[in-house]
Structure formats: structure tokens, C-alpha cells
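> What follows is a structure written as C-alpha cells; I'll ask about it next.
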């Protein structure tokens, strides 16, 4: 059974690794990965599937994380592009 996605904003931005959140990036996610996620989302365009593109990037770098966590990070990356994430 697939995991239910977390509602947008469900992740605390300053949690998990005890790091600092910046520009909508979850604290557990490094800035380089978040930048790659934003780049992938922009490349897909606002009409493409930006969330899936960004999620593929974070899933490749953090394959052990739960699907809901990856999807929420992808939605944050899409939002950082100035687009509404579904």
C-alpha cells in the first residue's frame, strides 16, 4: 500500500537534523540537492510535472527516505520556483 502524502507544510522546517532552514528548504536537505531539485522543476516548466522532476532528484540522493517526505521536499522546491505545487 503506498504511503499517503503529507499535507503541504507538515514538515517542520527546523527539525530532523537540527540544521537551519533557508528559503523554504527543509533543514535535513542540503542546499546543493535543493538547488538541483529547483533546477529540475524549472526545466519541466509550470505545465510539466515539476513535483515529479524534483522528487526524482531527491529520491536519487536519499533513496531510504519515506515517499511522503520526498514528496513534501519536492513540493517545497516547486514552491521555491514560484509555482503552485499540486
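Numbering (our numbering), first residue to last: 105 to 190.
Just so it is clear, CB atoms sit at the ideal spot from N, CA and C, and this is done for glycine as well.
Examine the ligand ZN and report whether any of its heavy atoms sits within less than 7 Å of the Cβ of residue 152.
This structure simply doesn't include the ligand ZN, nor any ligand for that matter.
> Suppose you measure from the CA of residue 173 to the CA of residue 147; what does that come to, to the nearest Å?
Indexing the chain shown from 1 puts residue 173 at position 69. Indexing the chain shown from 1 puts residue 147 at position 43. Their backbone Cα atoms lie some 22 Å apart in a straight line.
> Pick from 141, 184 and 128: whose alpha carbon is nearest that of residue 162?
Along the chain shown, read from residue 1 onward, the residue named residue 162 stands at position 58. Closest by alpha carbon: 141.
> What did DSSP end up calling residue 160 once you bin it into helix, strand or coil?
Along the chain shown, read from residue 1 onward, the residue named residue 160 stands at position 56. Note: residue 160 maps to helix in three-state DSSP.
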